[in-house]
Every structure is written in C-alpha cells, then in structure tokens.
Amino acid sequence: MKVVELLESRLQNWRELEQLCVQLEHHRKRTAGAPAVGRFATLYRAACADLALADAYQLPPNTVQYLHQLVGRAHNQLYLSRKFAYKRWLYELLHLVPQRLFHDNCVRLAFCLFYGVFIASMLAAWLSPAFADLVIGKEGLQQVEEMHADSVGGTDFNSAQAGTGFYLNHNATIGLRCFVFGILLGVGGIYETIFNALYLGAMFGFMITSKSGPNFFQFVTAHGPFELTAIVLGAAAGMKLGFSIIDTRGYTRTASLRRAFREAVPAAVTAVILFGLAGLIEASLSPSTAPYAVKAGVAVLCCGVLIFYFVALGYPRGGQTDAV
Amino acid sequence: MNGAIKQLDNRIEIVTPENIEFTYRVAGPFRRLGAYLLDNLLCWVFIIVICIITFLVFGVLQSFGTVALVGLVAHFFTTWFYGGVFESLWNGQTLGKRMFGLRVLSEDGQPINGIQAIGRNFLRHADTLPWAYWTFEESPIPLSTLQLGLLFMFVYGNYQRLGDWAAGTMVVLDEPQQLYGVARVTEPAVLQLATQLPVNLVVNRSLGRALSAYVQRRLRVPVARRFEMASHLGEALRERYNLPANTNYDLLLCAVYHRAFIASATEVLDEARPMEVART
C-alpha cells in the first residue's frame, strides 16, 4: 500500500482522536460518557501502533511529528494526574509525617538552632538594649513599640485586621522561605533560621523592657506555639533537602535529593497548616479583649496538640509505607 | 541517534506503558518566561479583583482593615499555592502554561502528583534568586532576577530549574499540531520523468525519509539552491536508474518520491498519458 493510501485510511481515525482529546481536555471523563472513553482508548491504541510502525510505513517526517504530538496529547488524557486524595493526604500528614519527624535529625538541629539563638538573642536584648538596636535598628524597634502602644482590643478594628493580615503573610512567608532556601545545600536554610531567630529573639527581649511589652505579649501568646513551631518545621524540611545533596548515603545526588523531597514537602505542608492554624488564632483571639488567662490557656492547649502530634503520633510503631 | 543530537533538538523520548516510544519537545526558558509572567499578572489581577469585591462589600461598613486582610491573605496564597494547586488539578498546567501550550510532566512522562506540583512551586522561590532591591519611598521592594533558575536550566539537562530537578519534573510543549498530509508533486515534467523509472522501484527507509523531507521543503528554497541540494542525491540516483546526463536533479528527486509515496508505475503511466495526448 502506498503511503498516500495508508494516510487516507488513517486520517479519519486521527482526526477523531484529536477531537476526543479536545473533548476530554475540556470535559472530564465522567461527562464525556463511556462510549466516548471506550472509543478514545481504541483510537489511542491504533495511533500508538501507527506511530510504532511509522518508520516501516515510511510516513513523511511532518506526519510522524504530528503522530508524536497526537499520541503525547492522548497519553496526557489517559494518564491524568491523580485528583486530590483526602484520605491519602490525611494518612500522610497524621501518620507518616509525625513518624518521620520523630526520627529526623534535621528537626532536632532546626529546633536547637532556632530556639537556642532565639533565647540567646532574647536574653542579650533584655540585658542590653543596644543589642536590639544592632539587630533590628532604632526605627524598627520604634515601629514595634508604636504598633503595640495601645492595649490589645484598644486598637481600632481596621488597624487590627490590617495588622493581622500583615503578620500572617509575613510570618508564613518567613517559614516557607526557611524551607525553600534550605535547598541551597542547607546553608540558605540555616542562615534564614538564624537570622529570624535572632530578629524575633531581639524583638521579644526588647519588648520585655518596653512599656508596650504587656500588650505585645498579650498579642503573641496565643498563636506563638504554632507559629514558632511552623518556622522550625519549615527550616528542618529545607535542611533535609539541602543536606541530602551533600550526604547522599550511597545514592546519586539526584536520587538522594528526590528521596528527601518526597519526605520534605509533606513536612513543609504540615508547617503551612500550622501557619494557617496560627493565623486563625491571630485573626480572632490574639487581637481580642479576652483575658490573658484564656490566651495562655489556648497557648498551653496548642503546646499539648503539638506534643500529641510529634510524640504520640510520631512514636515509632513498626513499618512505614508511602501513601501519597 | 546520539545524545548530542537529541540535546540540540530539544526532544526527549518517552516510553509509554504500552511500550510505545514518542517524543516531546522540552520548553526552553523564553517560552516558560512568558507563561511565568502571565501567571504573575493573573495573580495580581485576582488580588486586585478580590480586594475590589471586598471593598464593595465591606467598604460600606467602613471596614477597610478587612480589605487589607483579604488582600494580604490572597497575596500569600497566590504567591505560594497558585502553581501547586493548578498543576495538581489541571494535569500539570496553570492558566499561563495552558495559554502558552506548556505542561509539567514527570521525567518519565507520567503526570505529576500533588507533592511534585506543590514542591516544585515552593522551590520556584529559590530559582528566582538572587533578588535585587528597588527602593520605593524608602521601602525596599525585592525584584527577582531568576538567575539561579536560568543557570540551572543551562547546566542541568532538559531545561530543568532547581525545583524541577528536586521534584523530578520537566516542562514540555503541549500544543496541537496541524496535519498537512502527504506533499504532492503535480508538475508535468515530474510525472513524465516518473515514467522512466524502473517498474520495480523500491526505496529504503532512509532514502524515503530524505525524499519526503526534501519534497516538503523544496518550494521554500530558491531554484539554484534547490538544484545544488538535490545534486548530492540526484547524481547517485541518475546513475542507478541509467538516466540521461542532463536530467534535472530536483525533478528526479520529486519523480522518485512520487513513485515511492504516491503512485505505482501503472498509475504514473495513466497520469502521464493524457499529457502526451495533449502534446500530440
């Protein structure tokens, strides 16, 4: 059979497959109907066979190129990305992530690094205001003082809302940047973690001695545990990525990074969820006139939730399996 | 085909579970930059629209803080989750990628999963390093220079940026292509020459590819250059088929193509006969 005859006999099938691809791209399989999906599979197999035999059929190069594109397009519809599987993600986040984090040296390192520098910076700023000046700058300290000059609940509703939006955006971004920069061989993550611990510690230390201090601690107490833990978690996940490029444990660098990636991203997502929970508290309870005891109670409750998550859920119970 | 040619061609071969091999064209940085800028623009449009809607709803209550809160939250989610969510739900495409005919796939050609989509979009922020700071009314505004991502694209294979390398993904061109069918040659001189070719003419695969590539492109090439190109193969074919020395190589290649791809020896005779009748 001459090529031109072969092409004429196949052309209709290819055009039909092309149309079905368009149909499936815009409407999902459920709405396309079983006959269309069945026909699509048949035509896809036929196009695959035509492509496999293109060389033997001596099809012209532009037709072969068209077939490559057509098979690729149909392949993308046949093997769609998996939809968001809630159950799998819940299993990943509530079972696998805490178990991994329980053993993770990067979490321990990030925890020690963040809280070590944070406490040291806080003490230094408390004992010497010059230290806070050096780290944050006079203008920055003045701004923080002014922001918390009015008692919590005393600020007008608009300012409180805008402030909450700013903190939520700013702090969650800090946490995610600790994760992202961790891939720079871990050094970027360590730098971000130390910088933020130093900055936040100096701010806390300065506010202890400031006249606006009580208002500041009224504001940060309730959402602090979730927010600070999320920063530590983000930093740890980032360090895991970066260190996996250096210490490959016998794998190639690429394979080692991808193994770490598979574990680090769910940990970063957990950090985002913690930021979200912190944001909810920050938007509702933190700027409210609720008594300090209530806010402290919520902080204790949050610490309890974190201990339950990391220790109770994370305590080793045998084999692990990948879920997502 | 060796690796150097594959790299030059920007094509990667994918083997499907059906054991069929097909190729994708990997998207380069310029195409991807267009999609990236469009996605950024759409995110800002979304933030502005949502702020206007919030303003219209809460502005009457004088609650401008709510507008700021909604705007900042929208900014956070679009910055960090726009790409991840869209690529998870839209089979590796964002709005910008869809408009520019791009798709993210795993390195083995399989669709990406949620972890890959979210992770590669988180790490995009590392690819935008280093940042240049532009001071506007004494406030430093960070501007991405995209240098790290670009550097990585050129160092690592398949134009993968840092996020792609970690996630095991790549961005390919995914746009519909036109089917032009088989090129036909209708020049009478070609049909006449085709009758002088052997009845049992068979061309091998590489010759067939060369002939069809030539015939598809010949009309876009000036006549003198066409003749020069055709002479390399034409001379050998003329000797093989014992044709006269003054044979036009361009027409000869077309005639062999016509016999191999379009018409058999008898069909060629049928095609050429009316012309001879008309000439007599």
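Top to bottom, those sequences are chains A and B.
Residue numbers for the first sequence follow the numbering used here, so the first one is 1 and each next one is one higher.
Residue numbers for the second sequence follow the numbering used here, so the first one is 1001 and each next one is one higher.
For every residue, glycine included, the Cβ atom is placed at its ideal position computed from N, Cα and C.
Have a look at residue i and residue j and give me their C-alpha separation to the nearest angstrom.
| i | j | result |
| --- | --- | --- |
| Ile1012 of chain B | Tyr1024 of chain B | 5 Å |
| Gln1192 of chain B | Asn1248 of chain B | 12 Å |
| Thr221 of chain A | Asn76 of chain A | 50 Å |
| Pro1209 of chain B | Gln58 of chain A | One point to set straight first is that residue 1209 of chain B is Arg, not Pro, in the sequence displayed. The alpha-carbon atoms of Arg1209 of chain B and Gln58 of chain A are separated by roughly 7 Å. |
| Tyr66 of chain A | Leu43 of chain A | 15 Å |
| Thr289 of chain A | Asn215 of chain A | 11 Å |
| Pro1140 of chain B | Gly140 of chain A | 14 Å |
| Leu20 of chain A | Arg1240 of chain B | 47 Å |
| Leu1146 of chain B | Phe114 of chain A | 29 Å |
| Arg177 of chain A | Asn196 of chain A | 11 Å |
| Ile1005 of chain B | Val1026 of chain B | Legend: pLDDT at Ile1005 of chain B = 49, less than 50; position of this residue unreliable, no value from coordinates given. |
| Ser1264 of chain B | Asn1200 of chain B | 9 Å |
| Asn62 of chain A | Val71 of chain A | 14 Å |
| Phe1227 of chain B | Arg1218 of chain B | 10 Å |
| Leu7 of chain A | Val1185 of chain B | 16 Å |
| Asn1002 of chain B | Met1153 of chain B | Its pLDDT being 43, under 50, Asn1002 of chain B is placed unreliably in this model, and the value from its coordinates should be taken loosely. Rounded to whole angstroms, Asn1002 of chain B to Met1153 of chain B spans 21 Å at the Cα level. |
| Gly234 of chain A | Gly175 of chain A | 5 Å |
| Thr1280 of chain B | Arg1225 of chain B | Low local confidence applies: a pLDDT of 46 at Thr1280 of chain B is under 50, so the model's placement there is unreliable, with the coordinate-based value given in what follows. Using only the alpha carbons, I get a separation of about 34 Å. |
| Leu1151 of chain B | Ala34 of chain A | 47 Å |
| Gln142 of chain A | Asp133 of chain A | 10 Å |
| Ala1260 of chain B | Leu24 of chain A | 38 Å |
For residue i, which residues from the same chain have a beta carbon less than 8 Å from its beta carbon, with the 5 sequence-adjacent residues on both sides left out?
| i | result |
| --- | --- |
| Glu1107 of chain B | Asn1158, Gly1168, Thr1169, Met1170 |
| Gly1059 of chain B | Val1067 |
| Trp126 of chain A | Gly205, Phe206, Ile208, Thr209 |
| Glu5 of chain A | none |
| Leu1251 of chain B | Glu1187, Ala1189, Val1190, Leu1193 |
| Met1099 of chain B | Ala1035, Leu1038 |
| Ile246 of chain A | Leu185, Gly186 |
For residue i, which residues of its own chain have a beta-carbon under 6 Å away from its beta-carbon, when the five flanking residues on both sides are left out?
| i | result |
| --- | --- |
| Ala149 of chain A | Ser212 |
| Phe226 of chain A | Leu274, Leu277, Ala278, Cys302 |
| Met122 of chain A | Gly201, Phe204, Gly205 |
| Ser244 of chain A | Ser256, Leu257, Ala260 |
| Val1104 of chain B | Glu1087, Gly1092, Ile1112, Thr1169, Val1171 |
| Gly1084 of chain B | Ala1117, Ile1118, Asn1121 |
| Phe1055 of chain B | Val1067 |
| Asp322 of chain A | Low local confidence applies: a pLDDT of 47 at Asp322 of chain A is under 50, so the model's placement there is unreliable, with the coordinate-based value given in what follows. Same-chain partners within the cutoff: there are none. |
Classify residue i as helix, strand or coil using the three-state DSSP reduction.
| i | result |
| --- | --- |
| Val64 of chain A | helix |
| Ser286 of chain A | coil |
| Ser1264 of chain B | coil |
| Val1104 of chain B | strand |
| Trp89 of chain A | helix |
| Val1020 of chain B | Sequence inspection shows Ile at residue 1020 of chain B; the Val mentioned does not correspond to that position. In this structure, Ile1020 of chain B counts as coil in the three-state DSSP scheme. |
| Arg1218 of chain B | helix |
| Leu184 of chain A | coil |
| Tyr292 of chain A | helix |
Among the options, which residue has its Cα nearest to the Cα of residue i?
| i | options | result |
| --- | --- | --- |
| Glu263 of chain A | A:Ser210, A:Val97, A:Arg45, A:Cys21 | A:Val97 |
| Asp50 of chain A | B:Tyr1036, B:Arg1226, B:Leu1069, B:Ile1020 | B:Ile1020 |
| Val1172 of chain B | B:Phe1076, B:His1125, B:Thr1078, B:Pro1111 | B:Pro1111 |
| Arg1205 of chain B | A:Thr254, A:Gly140, A:Asp55 | A:Asp55 |
| Leu1123 of chain B | A:Phe195, A:Leu198, A:Gly189, A:Ile246 | A:Gly189 |
| Cys1254 of chain B | B:Ala1194, B:Gly1071, B:Thr1266, B:Ser1264 | B:Ala1194 |
| Leu241 of chain A | A:Ala293, A:Glu282, A:Leu185 | A:Leu185 |
| Gly26 of chain A | B:Gly1234, B:Leu1089, B:Val1045 | It is His, not Gly, that sits at residue 26 of chain A in the sequence shown. Considering only alpha carbons, the answer is B:Leu1089. |
| Ile281 of chain A | A:Ala36, A:Ile174, A:Pro266, A:Ala299 | A:Ala299 |
| Glu1175 of chain B | B:Leu1243, B:Val1215, B:Leu1102 | B:Leu1102 |
| Leu1069 of chain B | A:Asn158, A:Arg108, A:Arg88 | A:Asn158 |
| Ile1115 of chain B | A:Glu16, A:Ala268, A:Gly314 | A:Ala268 |
At a CB-CB cut-off below 9 Å, which residues of chain B make contact with residue i?
| i | result |
| --- | --- |
| Ile183 of chain A | Leu1123, Ala1126, Leu1162, Gly1163, Ala1166 |
| Tyr91 of chain A | Per Cβ cutoff of 9 Å: no residues; Tyr91 of chain A is ~13 Å from chain B at best. |
Looking only at its own chain, which residues have a Cβ that is under 7 Å from the Cβ of residue i, when we skip the five neighbours before and after it?
| i | result |
| --- | --- |
| His1075 of chain B | Ile1047 |
| Trp1134 of chain B | Ile1141, Leu1143 |
Please list the partners that residue i has in chain B, where partner means a Cβ-to-Cβ separation under 8 Å.
| i | result |
| --- | --- |
| Ala52 of chain A | Ile1020, Glu1021 |
| Asn169 of chain A | Leu1072, Val1073, His1075, Phe1076 |
Taking residue i as the query, report the chain B residues whose CB atoms sit under 7 Å from its CB, ordered along the chain.
| i | result |
| --- | --- |
| Ala328 of chain A | The structure shown does not extend to residue 328 of chain A, since chain A is modelled only from 1 through 324, so no value can be given for it. |
| Asn158 of chain A | Ser1063, Phe1064, Gly1065 |
| Asp55 of chain A | Arg1205 |
| Ala162 of chain A | Gly1065, Ala1068, Leu1069 |
| Thr270 of chain A | Within 7 Å Cβ-Cβ: nothing; Thr270 of chain A doesn't reach chain B, min ~12 Å. |
| Asn13 of chain A | Simply none; closest approach about 12 Å. |
Using a Cβ cut-off of 8 Å, pull out every chain A residue sitting near residue i, in sequence order please.
| i | result |
| --- | --- |
| Asp1174 of chain B | Gly72, Arg73, Asn76 |
| Pro1142 of chain B | The contacting residues do not exist; Pro1142 of chain B stays about 11 Å from chain A at best. |
| Val1182 of chain B | Val3, Val4, Leu7, Pro60, Thr63 |
Starting from the beta carbon of residue i, find every residue of chain A whose beta carbon is closer than 7 Å, and list them in chain order.
| i | result |
| --- | --- |
| Tyr1024 of chain B | Gly72 |
| Gln1110 of chain B | Tyr79 |
List the residues of chain A whose Cβ lies closer than 9 Å to the Cβ of residue i, in chain order.
| i | result |
| --- | --- |
| Trp1080 of chain B | Ala172, Thr173, Leu176, Val272 |
List, in order along the chain, the chain E residues whose C-beta lies closer than 8 Å to that of residue i?
| i | result |
| --- | --- |
| Thr1135 of chain B | The structure shown contains no chain E; its protein chains are A and B. |
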